[in-house]
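In the working numbering, the protein residues as written are 4 to 225. Where a beta carbon is used, it is the ideal one built from N, C-alpha and C, also for glycine. Note that the structure is predicted; figures quoted are calculated from it, not measured.
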C-alpha cells in the first residue's frame, strides 16, 4: 500500500496530466479545423519540406525516428509552431509499457500520439496523453465493430484516424455516430480525394504525399 503522501502526489500528477491533455487537445483540434491537413513524415529528410509548408498545415504526424532521435525531431518541429502527433508504433526501440509512456510524456512531449494498439491507448489515456486511434478498414467486420463502439460510446481515444481515406460512404456513416472527431489518410494523392473525405465527415486529412502539403485548405468550408 502506498503512503498517503505518495498517493496524494500520484493523484496530483494525474490531474496535471489531464489538464495538459485538455489544453493540447484543444490546440490540436483548433488547428485541424482551421488548416485541415496533417503532413505524415516517414523519413527525416521530409521534415524540412513539411516546415516549408507550415502555413498550410495543422500538424506533423511523425512516423520516423528512434528513442535516441525522436525528442530532437519533436523539439525541432514544435519549435517552428507545428504540433507533433507521434506515431509511437513506428519509433525504433520504443516499448510502450508504463516506462515507455512516461518517457514520451515527460521527455519527448509531443502534442498527441497515434497508435493502432488498444492496450497502449488505455495506458496512454490514464497517463494524460492525447491519443488518436488509427484504424485500418480492412473489411466490413472491422467497420461494424468500430461503428458499434461509436454507437455505444465505448471509444476511449480522443480522436480516430481512419485508413484508407478512399471509403467516403463508411466515413460518412461513422462521422454521424462517433463521439470523437475523425481524421483520415492513406491512398490520398489528389486534391479531389482530400475534398471527398472532408465533405464526408473528416475533420482533417493526413498524407505523406509532400506535393499535397502545398494545397491550402484554410478557410475552405466543407
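Between the CA atoms of residue j and residue i - distance to the nearest angstrom
i	j	result
residue 97	residue 76	15 Å
residue 152	residue 183	11 Å
residue 160	residue 214	30 Å
residue 83	residue 157	36 Å
residue 223	residue 37	9 Å
residue 172	residue 205	12 Å
residue 181	residue 155	9 Å
residue 51	residue 87	14 Å
residue 103	residue 48	26 Å
residue 27	residue 128	13 Å
residue 179	residue 70	38 Å
residue 105	residue 186	26 Å
Residue burial classification, residue i (beta-carbon count within 10 angstroms, cutoff 16)
i	result
residue 44	buried
residue 134	buried
residue 221	exposed
residue 195	exposed
residue 137	buried
residue 145	exposed
residue 121	exposed
residue 126	buried
residue 33	exposed
Residue i in three-state terms, based on DSSP
i	result
residue 163	strand
residue 7	Because the pLDDT at residue 7 is just 49, under 50, the model does not fix this residue reliably, and the point stays unresolved.
residue 81	helix
residue 40	strand
residue 169	coil
residue 134	strand
residue 213	coil
residue 220	coil
residue 180	helix
residue 35	helix
residue 94	coil
Cβ-heavy atom distance, residue i to the ligand GTP, below 6 Å
i	result
residue 155	Absence of the ligand GTP from the depicted structure is noted, as is the absence of any ligand whatsoever, leaving it without description.
Rounded Cβ spacing between residue i and residue j (contact assumed at less than 8 Å)
i	j	result
residue 207	residue 40	6 Å
residue 1	residue 191	An answer regarding residue 1 cannot be provided, because it is not within the stretch 4 to 225 covered by the chain.
residue 165	residue 201	Actually they do not touch by this definition, with Cβ atoms about 13 Å apart.
residue 119	residue 142	Going by Cβ atoms, the distance from residue 119 to residue 142 rounds to 15 Å, so no, they are not a contact pair.
residue 80	residue 54	7 Å
Residue i and residue j closer than 7 Å at C-beta
i	j	result
residue 94	residue 68	yes
residue 149	residue 116	no
residue 35	residue 114	no
residue 203	residue 175	yes
residue 64	residue 210	no
residue 85	residue 112	no
residue 99	residue 123	yes
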